[in-house]
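In our numbering, the protein residues as written are 1 to 194.
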């Protein structure tokens, strides 16, 4: 469920390309014949919205139409408004350029990136960093996960990774870079001892 929460939070934040990644990772965990239609629909829906925003009209329309067929079996994820919006997108592939898609809810609640905690926050930050080709943030997520495993929830890398996810602030990115560099130097110093 953590990957689904991460994907939906990214989608609700308007990071449609990044939202696709955690949803697809979760979908691929299941054997081919047992994959959930709902996840397939959400994956296609995020791609449809992304393509619409990028001006790929035919890709957006085709994915929107296909996604609707999968979104009927989404139990805890309320996809009714999204399905209606995707129907409109299939008919008007420019819809995404002038109208935002509806928010998604899990068990009636809108999930935002601000709601996420680790491990879902790490999954979301990693997906966002991958879409931005940001190797520093990818390393920060790994260090933050390691700190959490070591029971260090107050690590600056944990806090800054959450900040990176919640707001697009160059100062947060700079501080993450500084902490990652320090950690890399510390790791190199320890390696040099052996």
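Ideal placement from N, C-alpha and C gives every residue a C-beta, glycine not left out.
Comparing alpha-carbon positions, the option among 41, 132, 107, 122 lying closest to residue 147 turns out to be 122.
It is roughly 18 Å from the alpha-carbon of residue 49 to the alpha-carbon of residue 112. Closest by C-alpha distance to residue 94, out of 9, 61, 106, 107, is 61. Going by beta carbons, residue 22 and residue 3 fall inside the 8 Å limit. Comparing C-alpha distances from residue 78 to each of 68, 107, 66 shows the shortest one belongs to 107. Secondary structure at residue 109: strand, using DSSP grouped into helix, strand and coil. Counting along the chain, residue 57 sits inside the alpha helix (DSSP H) bounded by residues 57–70. Shortest Cα-Cα distance from residue 24 to any of 12, 14, 1, 13 involves 1. With contacts defined by Cβ atoms closer than 8 Å, residue 140 and residue 10 do not form a contacting pair. Annotated three-state conformation of residue 163 is helix, per DSSP. Judged by beta-carbon spacing, residue 172 lies beyond the 8 Å limit of residue 157, meaning their Cβ atoms are not closer than that value.
In the three-state reduction of the DSSP assignment, residue 87 falls in the helix class. Between the C-alpha atoms of residue 175 and residue 127 there is a straight-line separation of about 20 Å.
Scanning its chain for C-beta atoms nearer than 8 Å, with the 5 sequence neighbours on each side dropped, one finds around residue 18 the residues 10, 124, 127, 128, 130, 131, in chain order.
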